[in-house]
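Q: The structure that follows is given in the form of structure tokens.
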Amino acid sequence: MQKPTKEPLLYMRIYTALKQRIESGEWSSGAMLPSEHELSEVYGISRGTIRQVLAKLENEDFIRRERGKGTFISRPSVNKPTSGLNDHSISFIVPYVRDSFVSSILLGLESVARANGYAVIFHHVENDIDNQERVIREATQQGGVAGIVLYPVNSNAASPILSELIQKSYPLVLVDRYIRGLYSDYVTSDNFGGGMNATQHLLALGHRRIAFLSWVDLATTMKHRRLGYRHSLLEAGIEPDPGLEWEVMGYPEIDQVALEEQLLQPERPTAIFAANDQLAIAVQRVVRSLNISVPEDLALVGFDNLDISTQLDIPLTTIAQRPFEIGATAGDLILYQIKNETACVQRRILPVQLIVRRSCGASEAIQKGP
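According to the working numbering, the residues represented by the sequence shown are 12 to 381, in order.
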């Protein structure tokens, strides 16, 4: 007689665990869930089973899925106490959600917060600075919010509300990028070093005409990656060419028309260092329509190491960040501020790693970084 499979039991165990986290108030209404990939890793279960669990939760109105954004808690908690978690909350404010990067930061932040008795309230501001200011003000005026972890819309000069929070020593930690002129804690990656690694790798492969592709509005992250690119060229005796530093609109969608125009120039580069994986993926789409082969005609390197990077027709060489660690480190810093009124400013820059795949034309055996 065939033994019954353990999969249904595992399915119900995960379903019950997620449901309890929602009903207890640990995941509040509006909070974003980790990605399917992350949940499958956390619970040691296949993504197919995770999809079934999420489908059941969605049918019961516990969650809602927004295409291109993520999965969010839709049902208010039924067992949330009037004190307790509500008195120990951290607001996590982000500009957009369009890949696994933000959800991984959230997962890292939540793991530290939960271990210390805090809940994380998630806010998505549609890449709008006015929305960001409104949400920050509402969070500081809301009872029970002990601090804010902010992924800023941009790196422009600090707004009055943020300057006010710093003056009042309100717990605030920035992630991914810092804001110019704001003396605050932040956690970011070694963007300058990553820009150097990507460019040096392409130089080592024999490329001398290398383009740098980024968004139009540069955050500090993009600026530092560009500086790493320029520095590596100068070290190799190559004067950076402004005509090879390309910028395209990136929100809400990447301007592929402008990218196509750049790629149709008479003296096309032999390699592109894209400042993030989303841009690199857009390059792969455009070159396919132009009958340009990657990596034979054009080597390509991205930055982020998103989950999708390994699933492309031509897997992407990229600089890997550590988003879970970014979130966990931000959690440590915000809790330190909450518990220490005279906390000094702390900045953490996390290491990155070059991950070599087919898109650059080199052997995948080559890996650089810690």
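Don't be surprised by glycine CBs; every beta carbon is placed ideally from N, CA and C.
In the structure shown, what three-state DSSP assignment does PHE73 receive?
A: If DSSP states are grouped into helix, strand and coil, PHE73 belongs with coil.
Q: Do LEU317 and ASP343 have their C-beta atoms within less than 8 Å of each other?
A: no
Q: Under the DSSP definition of a beta bridge, which residues are partnered with PRO312?
A: Here residue 312 is Val; the residue named in the question, Pro, does not match the sequence. For VAL312, which the question treats as bridged, DSSP gives the partners PHE284 and THR328.
Q: Where MET12 and ARG76 are concerned, what is the direct C-alpha to C-alpha distance, given to the nearest angstrom?
A: Bear in mind that the predicted position of MET12 carries a pLDDT of just 42, short of 50, making it unreliable; the figure below should be weighed with that in mind. Distance between the alpha carbons of MET12 and ARG76 is about 41 Å.
Q: Using only the alpha-carbon positions, how far apart do GLN31 and SER57 sit?
A: 21 Å
Q: Once the 5 residues before and after ARG188 are set aside, which same chain residues still bring their CB inside 7 Å of it?
A: PRO163, SER166, THR199, ALA230, THR231 and THR232
Q: When burial is assigned at 16 or more other CB atoms within 10 Å of the CB, is GLU71 buried or exposed?
A: exposed
Q: Quick one: using the 10 Å Cβ neighbour count with 16 as the cut-off for buried, is ALA130 buried or exposed?
A: ALA130 comes out buried.
Q: If you drop the 5 nearest sequence neighbours on each side, which residues of the same chain put their C-beta closer than 7 Å to that of ASN138?
A: Counting only residues of its own chain and dropping the five nearest sequence neighbours on each side, ASN138 has a CB closer than 7 Å to the CB of PRO106, TYR107, VAL164 and TYR262.
Q: Where do the N-terminal and C-terminal ends of the alpha helix (DSSP H) with THR210 fall, by residue?
A: For THR210, the enclosing alpha helix (DSSP H) begins and ends at 202-215.
Q: For VAL297, which residues in the same chain have their Cβ closer than 7 Å to its Cβ, ignoring the five residues on either side in sequence?
A: Residues of the same chain with a CB within less than 7 Å of the CB of VAL297, apart from the 5 flanking positions on each side, are GLN267, LEU270, GLU271 and LEU274 in chain order.
Q: Over what stretch of residues does the beta strand (DSSP E) that includes VAL184 continue unbroken?
A: For VAL184, the enclosing beta strand (DSSP E) starts and ends at 183-186.
Q: Which whole-angstrom value is the C-beta distance of THR82 and LEU44, which I expect to be below 8 Å?
A: Indeed they touch by this definition, with Cβ atoms about 4 Å apart.
Q: Let me know the secondary structure DSSP gives MET260 once reduced to three states.
A: Three-state result, MET260: coil.
Q: Could you name the residues of the same chain whose beta carbon sits closer than 7 Å to that of SER51, not counting the 5 residues immediately before and after it, in chain order?
A: SER57, ARG58 and ILE61
Q: State the Cα-Cα distance for the pair MET207 and ILE221, rounded to the nearest angstrom.
A: 13 Å
Q: ILE84: which of HIS218, PHE133 and SER122 sits nearest, CA to CA?
A: PHE133
Q: State buried or exposed for VAL305, treating a residue as buried only when at least 16 other CB atoms are found within 10 Å of its CB.
A: buried
Q: In whole angstroms, what separates the C-alpha of LEU214 from that of VAL363?
A: 19 Å
Q: At the level of alpha carbons, what is the spacing between ARG359 and GLU307?
A: 39 Å
Q: Assign ILE221 to one of three DSSP states: helix, strand, or coil.
A: strand
Q: Mapping DSSP to helix, strand and coil, what is ARG358?
A: strand
Q: Is GLN348 helix, strand or coil by DSSP?
A: helix
Q: Given a cut-off of 8 Å on the beta-carbon distance, is the pair LEU327 and ALA291 in contact?
A: yes
Q: Alpha carbon to alpha carbon, what distance is there between GLN332 and SER225?
A: 17 Å
Q: For LEU65, tell me which candidate among LEU183, LEU245, TRP257 and ARG24 has the shortest Cα-Cα distance.
A: Selected option, being the one with the closest Cα: ARG24.
Q: Return the chain-ordered list of same chain residues with a C-beta closer than 6 Å to the C-beta of ASP110, the five sequence neighbours on each side being excluded.
A: LEU317
Q: Compute the Euclidean distance between the alpha carbons of ALA339 and PRO182, then round it to the nearest angstrom.
A: 16 Å
Q: Among ARG145, ASN202, LEU185 and ASN142, which residue has its Cα nearest to the Cα of ILE159?
A: LEU185
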